[in-house]
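Plus 1 on top of the position in the sequence shown (first one is 1) and you've got the working numbering. Here a beta-carbon is modelled for each residue, glycine too, at the ideal position from N, C-alpha and C. What follows is a set of notes on a single structure, which appears directly below.
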Amino acid sequence: MVIGILQFEVIVPWSQSLKDKRRVVRSLKDRLHREHQVSVAEVGALDQHRVALLGLAVVGTDARRAGAVMDRVLAKVRALHDASLGSVSRDILHASALEWRGGADADPGAGDAPVWTDAELRDAERLVADAGAEEPR
Numbered sequence: 002m003v004i005g006i007l008q009f010e011v012i013v014p015w016s017q018s019l020k021d022k023r024r025v026v027r028s029l030k031d032r033l034h035r036e037h038q039v040s041v042a043e044v045g046a047l048d049q050h051r052v053a054l055l056g057l058a059v060v061g062t063d064a065r066r067a068g069a070v071m072d073r074v075l076a077k078v079r080a081l082h083d084a085s086l087g088s089v090s091r092d093i094l095h096a097s098a099l100e101w102r103g104g105a106d107a108d109p110g111a112g113d114a115p116v117w118t119d120a121e122l123r124d125a126e127r128l129v130a131d132a133g134a135e136e137p138r
């Protein structure tokens, strides 16, 4: 598994207010998420009305594909008519280099509180029984 991380500035020179900037940023975030299946968030410059700092992540099986997705995203941002691309920083993390709590084979939730309480489990079992569905084996 690889994780592509992209951080970039979007400059909205005509913006007169945070509302103007947020309209452009929200539209861009939605479009990038929809067209490229990436996660995007505004991560900085929140109080500046002409600059937005966005962070983007893409998860994939190989670095080449993650890099290609980030290249397409940057091309799309460069082509914007109502904003321009500022500084860019990118990196690709390989899962083998990440330090997982408890080792690579450990269950991430091991040792934590159960995901479902006993009451929630009983309610779920009752719903399954009421629906006439069989329990998964």
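- Relative to the Cα of VAL39, the nearest Cα in the group VAL25, ALA46 and LEU55 belongs to LEU55.
- Straight-line measurement puts the Cα of ILE6 at about 7 Å from the Cα of VAL59.
- In this structure, the CA atom of VAL11 is about 6 Å from the CA atom of SER85.
- Measuring C-alpha to C-alpha distances from VAL78 to each of THR118, ILE4, LYS20 and GLN8 identifies GLN8 as the nearest.
- Annotation: ALA76 is outside any beta strand (DSSP E); the continuous alpha helix (DSSP H) that includes it extends over 64-79.
- Taking the C-beta atoms as reference points, LEU19 is found no nearer than 8 Å to VAL41.
- Excluding sequence positions up to five before and after THR62, its CB lies within less than 8 Å of the CB of MET2 and VAL3, all in the same chain and listed in chain order.
- Boundaries of the alpha helix (DSSP H) harbouring ARG27: 19-37, taken from the DSSP string.
- Comparing C-alpha distances from HIS95 to each of ARG65, ARG32 and ALA46 shows the shortest one belongs to ARG65.
- For ARG127, the enclosing alpha helix (DSSP H) covers residues 119-132.
- Of the other Cβ atoms in all chains shown, 16 or more fall within 10 Å of the Cβ of VAL70; this residue is therefore buried.
- If you ignore the 5 residues before and after LEU122, its C-beta comes within less than 7 Å of no other C-beta in its own chain.
- Per DSSP, the continuous beta strand (DSSP E) segment holding VAL60 begins and ends at 52-61.
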